[in-house]
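Okay, so the sequence shown: first residue is 4 according to our numbering, each after it adds one.
In this text, a Cβ means the ideal position worked out from N, Cα and C, and glycines have one as well.
These notes concern the structure reproduced below.
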Amino acid sequence: MEDAVQNNADSICPDKSTTSSRRAGSADLVSAGDRSGPTGRGAAREATGKTMMVVTSRLLAMGVSLVGLYFYTRVLDKSDWAAGLVMALIGETAFAMLDMGLGLCLERRLPGILAREHREGLILIGVFVVVVIASAAVVAFGLYGWCDALAVALMKDPLKSGVILWGIPFAMAVMWRSALFCVMRGTNCFGRLSILSLSSQIFFVAGTVGGYLLMGLKGFLIGAAIAYALPCAYESWKLRRYFNVVPAFRDIWRYLKYSRSMLGERVVNAGYSFADQWVIGLVLPAASLATYNVPRSFFDRFQTLLDGMWMVPTTLLSRESARGPDAVRAAMRRLRRVFTYLFVPIGVGLLASSYFLVDILGGSKYHDAVEPFAILALHYLVLGLAAANAIIGISTIAPPGDRLRSILSKNVAYLICLPLLAKWFELNGVVGAKLMATVVEAIVAAMLMRRVLQVNWEWDSLRAVALPAALLFVVVAGGQYYFYSRLVAPLFMAAGTAIYLYLFFRRVAEEDLLFLEHILPDRARPLVKLGRWCRPGAK
Numbered sequence: 004m005e006d007a008v009q010n011n012a013d014s015i016c017p018d019k020s021t022t023s024s025r026r027a028g029s030a031d032l033v034s035a036g037d038r039s040g041p042t043g044r045g046a047a048r049e050a051t052g053k054t055m056m057v058v059t060s061r062l063l064a065m066g067v068s069l070v071g072l073y074f075y076t077r078v079l080d081k082s083d084w085a086a087g088l089v090m091a092l093i094g095e096t097a098f099a100m101l102d103m104g105l106g107l108c109l110e111r112r113l114p115g116i117l118a119r120e121h122r123e124g125l126i127l128i129g130v131f132v133v134v135v136i137a138s139a140a141v142v143a144f145g146l147y148g149w150c151d152a153l154a155v156a157l158m159k160d161p162l163k164s165g166v167i168l169w170g171i172p173f174a175m176a177v178m179w180r181s182a183l184f185c186v187m188r189g190t191n192c193f194g195r196l197s198i199l200s201l202s203s204q205i206f207f208v209a210g211t212v213g214g215y216l217l218m219g220l221k222g223f224l225i226g227a228a229i230a231y232a233l234p235c236a237y238e239s240w241k242l243r244r245y246f247n248v249v250p251a252f253r254d255i256w257r258y259l260k261y262s263r264s265m266l267g268e269r270v271v272n273a274g275y276s277f278a279d280q281w282v283i284g285l286v287l288p289a290a291s292l293a294t295y296n297v298p299r300s301f302f303d304r305f306q307t308l309l310d311g312m313w314m315v316p317t318t319l320l321s322r323e324s325a326r327g328p329d330a331v332r333a334a335m336r337r338l339r340r341v342f343t344y345l346f347v348p349i350g351v352g353l354l355a356s357s358y359f360l361v362d363i364l365g366g367s368k369y370h371d372a373v374e375p376f377a378i379l380a381l382h383y384l385v386l387g388l389a390a391a392n393a394i395i396g397i398s399t400i401a402p403p404g405d406r407l408r409s410i411l412s413k414n415v416a417y418l419i420c421l422p423l424l425a426k427w428f429e430l431n432g433v434v435g436a437k438l439m440a441t442v443v444e445a446i447v448a449a450m451l452m453r454r455v456l457q458v459n460w461e462w463d464s465l466r467a468v469a470l471p472a473a474l475l476f477v478v479v480a481g482g483q484y485y486f487y488s489r490l491v492a493p494l495f496m497a498a499g500t501a502i503y504l505y506l507f508f509r510r511v512a513e514e515d516l517l518f519l520e521h522i523l524p525d526r527a528r529p530l531v532k533l534g535r536w537c538r539p540g541a542k
């Protein structure tokens, strides 16, 4: 559950450590323009080096969250886990809806305000703290007064109204943690943010599992609240220099009007992030939320890892945009091939290994999560074939109007498909709505990028990966279907990966090998050398 809460915070408040790294990377690219050459390889390699810190920290966080998922699926009852997820969902949704857009205001405007006038920045932080405290009070009183109705609506059991009451401290701790994330991003305390994120994940797994074994669901909720409150209290004390200004009422009113323009964006992002869980909680049986959290947790944490890697193409496009449309078109063609090479094998491998991964993470109680897991794996095939390069191009070099059209198309498609598909196909429909939203966004983004850059579709990259990807699926899926065992399945996965790499390196263009060699860090370069050994005529 911790990883679901963390990703909710990430999806509403994008990780500014990545954003700041992107900006720093872009500045380096401009200064390195002459020495990096017309291909942008030097710029991409510099950006890759900056990305490794982000990827390393997120790999560690992903490992911790998957360990927690392993324990939750084996120790917790499905309905009890779903109850904890409901309380986390209430806390995250309440924070996103009731902060009046001040969270985004802190992240985007606070660094500039602090640089110009330090005390004014402290006043903004003080206003944010006051609004969060008031929001927490409203949520606490609301949960107390509506605990019976929420227990019936979300947990389908009026006798579980006590769960809502015991979950109030947990919901408050979730809001506290989310507020600290906003303050840390706005004050550029990215080191402290990483410490808070990782420490709270570790404490959360230990506190919730230990509390559940001692006192059941009540112990789970108490342990969750303590696991968040302890690191939040410590980090709040470390950041106390930012909390020493009490704002006047006129300052509160002034900044509420100032952040009003960001409230709509905040609400839209929150709706996209939480709509799936609310639909499951309101429409499907309560235990379905726990089942859905198995594939959702895995792919959410995996996506945050990939988001850190996207700094490379973003900074590359930012640099190439200064060279004119021809350079951008060349960069987009390279990125399209690279994304196909990256996401197609990932999507095929995850799709073929769906049963094994769900069996390892969830055990026999969660085998009904295999189909949702497989549908989410198709998402990465869509990213590799069409979506990723166009979406990044839209977010980097397209005009603001085109960016808005792309975002709106995704959100509208998702909110239309979600209730309909959930009613018809239940959990499969919920994850299918995410896939449909990505397909719509990919189509719109590709059309906009073609209009802006006149970049046509190319088939070279697909020819390079089609046969290797097909054999990867046949070996992994076929081996697991006919000879399934938790010990044997990894052998088929390793064999399929080896076959894929061998055939891929024999079929890939030499230009793409050179590009990969230049953007990869030094420790990953032996993989390209191995690929050259596999090519025809290699000695």
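Distance CB(residue i)-CB(residue j) smaller than 8 Å
| i | j | result |
| --- | --- | --- |
| residue 441 | residue 385 | yes |
| residue 338 | residue 405 | no |
| residue 303 | residue 126 | no |
| residue 134 | residue 113 | no |
| residue 195 | residue 241 | yes |
| residue 248 | residue 129 | yes |
| residue 116 | residue 110 | no |
| residue 262 | residue 420 | no |
| residue 416 | residue 433 | no |
| residue 274 | residue 418 | yes |
| residue 69 | residue 430 | no |
| residue 471 | residue 503 | yes |
| residue 294 | residue 369 | yes |
| residue 158 | residue 356 | no |
| residue 473 | residue 511 | no |
| residue 290 | residue 177 | no |
| residue 349 | residue 438 | no |
| residue 409 | residue 449 | no |
| residue 305 | residue 65 | yes |
Through-space distance from residue j to residue i, alpha-carbon basis
| i | j | result |
| --- | --- | --- |
| residue 138 | residue 509 | 59 Å |
| residue 362 | residue 95 | 29 Å |
| residue 380 | residue 353 | 6 Å |
| residue 308 | residue 140 | 35 Å |
| residue 500 | residue 358 | 17 Å |
| residue 288 | residue 425 | 12 Å |
| residue 517 | residue 382 | 28 Å |
| residue 82 | residue 89 | 10 Å |
| residue 198 | residue 445 | 35 Å |
| residue 39 | residue 351 | Low local confidence applies: a pLDDT of 39 at residue 39 is under 50, so the model's placement there is unreliable, with the coordinate-based value given in what follows. The alpha-carbon atoms of residue 39 and residue 351 are separated by roughly 34 Å. |
| residue 29 | residue 78 | Low confidence applies here, because residue 29 scores a pLDDT of 37, under 50, leaving its location unreliable; read the following figure in that light. If you take the alpha carbons of residue 29 and residue 78, they lie about 46 Å apart. |
| residue 366 | residue 372 | 10 Å |
| residue 412 | residue 490 | 44 Å |
| residue 481 | residue 487 | 9 Å |
| residue 229 | residue 258 | 32 Å |
| residue 537 | residue 498 | 16 Å |
| residue 453 | residue 212 | 51 Å |
| residue 530 | residue 507 | 12 Å |
| residue 188 | residue 132 | 15 Å |
| residue 535 | residue 469 | 20 Å |
| residue 193 | residue 282 | 34 Å |
| residue 519 | residue 343 | 13 Å |
| residue 76 | residue 210 | 16 Å |
| residue 156 | residue 243 | 40 Å |
Whole-Å CB distance - residue i paired with residue j, under 8 Å assumed
| i | j | result |
| --- | --- | --- |
| residue 360 | residue 103 | Incorrect: roughly 40 Å between the Cβ atoms, too far for contact. |
| residue 152 | residue 175 | Not really, about 20 Å apart at Cβ, beyond 8 Å. |
| residue 167 | residue 150 | 4 Å |
| residue 85 | residue 217 | That belief does not hold up - the Cβ atoms of residue 85 and residue 217 are roughly 20 Å apart, past 8 Å. |
| residue 206 | residue 233 | 6 Å |
| residue 300 | residue 475 | With 8 Å as the limit, residue 300 and residue 475 do not qualify as a contact, their Cβ atoms being about 25 Å apart. |
| residue 179 | residue 235 | 5 Å |
| residue 278 | residue 87 | Not really, about 20 Å apart at Cβ, beyond 8 Å. |
| residue 190 | residue 245 | 6 Å |
| residue 340 | residue 515 | 6 Å |
| residue 270 | residue 100 | 6 Å |
| residue 181 | residue 98 | 5 Å |
| residue 264 | residue 183 | Going by Cβ atoms, the distance from residue 264 to residue 183 rounds to 24 Å, so no, they are not a contact pair. |
Contact with chain B by residue i, beta-carbon distance below 8 Å
| i | result |
| --- | --- |
| residue 348 | You won't find chain B in this structure, because it holds only one protein chain. |
Near the ligand NAP: residue i beta-carbon under 7 Å from a heavy atom
| i | result |
| --- | --- |
| residue 62 | Because no ligand of any kind appears in the structure shown, any question about the ligand NAP cannot be addressed here. |
Taking the runs of the alpha helix (DSSP H) that are 4 residues or longer, which of them lie wholly in the stretch 451-531? 463-485, 492-510, 513-522
Which runs of the alpha helix (DSSP H) at least 4 residues long sit entirely within the stretch 98-170? Give them in chain order. 105-119, 121-148, 150-158
Whole alpha helix (DSSP H) elements within the stretch 247-304, 4-residue minimum: 252-261, 263-286
4-residue-minimum alpha helix (DSSP H) runs that sit fully inside the stretch 330-383, ordered along the chain: 357-365
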